[in-house]
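The structure appears below as structure tokens.
Numbering (my numbering), first residue to last: 315 to 588.
Take a look at the structure:
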């Protein structure tokens, strides 16, 4: 078996140029040629203090930890995501959603018009049977109008009208906390699936609807553990016109708390920024 010991041209190994700080390596040269080498612990000889000094020099310096971000700053960033930006957050009111901007859009193709009418009818049925609040039905109808404006294929190319309707209710519901885990659940995904006669959960197509409707995307702030139990479990769309009065009131309460804390922590700066 051939190895480097059998190779007359193999490169001899020498001690590392960066030995351990606590090891003293002795090299003995005779006539300029290395004749012998050995190592020993520095603590056992006259180089102990030098080794300790060298070890201190080589000790990696840990960077100073970043200052903690105040909770009110994180909260305002989270609220910005829900409302679609700081300007929208500051202008947000608590009034219920009316039925304006809920008329079924007009499509050029007859098949698209039929799909829109079918989805709208399904949304109305869900509002009557599961949601029980007219305003919440208005939010879903508004979402249909918006979805058609921003991504028509999400409506026209969906497998069925039920997929679109369930996806809209799921996306709007996640933005308003309609499902278990939000503290104000009004139905479950199973109930929503059964109502629309689907085999998969509404989230299967709802995520596509959510992505099309979404104006703001979650950041690290949104997934941080600081939020619990301060904020409800909402998945932001960044569209205040799809937020119901109950959700708006929650956001308004948190907004005033965050702004009050900001004024205490940064007097004058917040008023100038707004």
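Built from N, CA and C at the ideal position, the CB exists for glycine as well. These numbers were taken from a predicted model, which means no experiment stands behind them.
Query - DSSP state of residue 630 mapped onto helix, strand, coil - result: This structure cannot speak to residue 630, because the chain is shown only from 315 to 588.
Query raised in the report: Which stretch, first to last residue, makes up the beta strand (DSSP E) that contains residue 351?
Result: Residues 347 to 355.
Query raised in the report: Between residue 481 and residue 447, what straight-line distance do the alpha-carbon atoms span, to the nearest angstrom?
Result: When rounded, the distance between both Cα atoms is 19 Å.
**Report entry** CA-to-CA distance, residue 471 to residue 465, given in whole angstroms
**Finding:** Looking at the backbone, the Cα of residue 465 and that of residue 471 are separated by about 10 Å.
Query raised in the report: Which of helix, strand or coil does DSSP assign to residue 339?
Result: Three-state result, residue 339: strand.
Query raised in the report: What residues match up with residue 344 in a beta bridge as DSSP calls it?
Result: Checking the DSSP bridge columns, you'll see residue 344 partnered with 347.
Requested in this report: Leaving aside the five residues before and after residue 583 along the sequence, list all residues of the same chain whose C-beta is less than 7 Å from its C-beta, in chain order.
Outcome: Note that residue 583 scores 46 on pLDDT, short of 50, meaning its location in the model is unreliable; the coordinates nonetheless yield the value given after this. Excluding five sequence positions before and after residue 583, none of the CB atoms of its chain fall closer than 7 Å to its own CB.
**Report entry** Other residues of its chain near residue 511: CB distance less than 8 Å, five sequence neighbours each side excluded
**Finding:** Around residue 511: 476.
Requested in this report: Using three-state DSSP, classify residue 392 as helix, strand or coil.
Outcome: Helix.
Query raised in the report: Where in the stretch 373 to 435 do unbroken runs of the alpha helix (DSSP H), each at least 4 residues long, occur, reported from the N-terminal end onward?
Result: Counting only unbroken stretches of 4 or more residues, the alpha helix (DSSP H) elements lying wholly within the stretch 373 to 435 are 385 to 397, 400 to 405, in sequence order.
Query raised in the report: Taking C-alpha atoms, which residue in 337, 408, 459, 423 lies nearest to residue 356?
Result: Of the listed residues, the one whose Cα sits closest to residue 356 is 337.
Query raised in the report: Among 442, 383, 454, 344, which residue has its Cα nearest to the Cα of residue 524?
Result: With distances taken between CA atoms, residue 524 lies nearest to 454 out of 442, 383, 454, 344.
Query raised in the report: Which of the three DSSP states, helix, strand or coil, is assigned to residue 478?
Result: Looking at residue 478 - three-state DSSP - the assignment turns out to be helix.
Query raised in the report: Just to confirm, are residue 550 and residue 489 a CB contact at a threshold of 8 Å?
Result: In this structure, residue 489 lies closer than 8 Å to residue 550 by Cβ.
**Report entry** Three-state secondary structure assigned by DSSP to residue 572
**Finding:** If DSSP states are grouped into helix, strand and coil, residue 572 belongs with the helices.
Report task. Kindly indicate which residue of 509, 368, 445, 392 has the alpha-carbon position closest to the one of residue 486. Result -> For residue 486, the closest alpha carbon among the candidates 509, 368, 445, 392 is that of 445.
Query raised in the report: Does the beta-carbon distance from residue 529 to residue 398 come in below 8 Å?
Result: Less than 8 Å divides the Cβ of residue 529 from the Cβ of residue 398.
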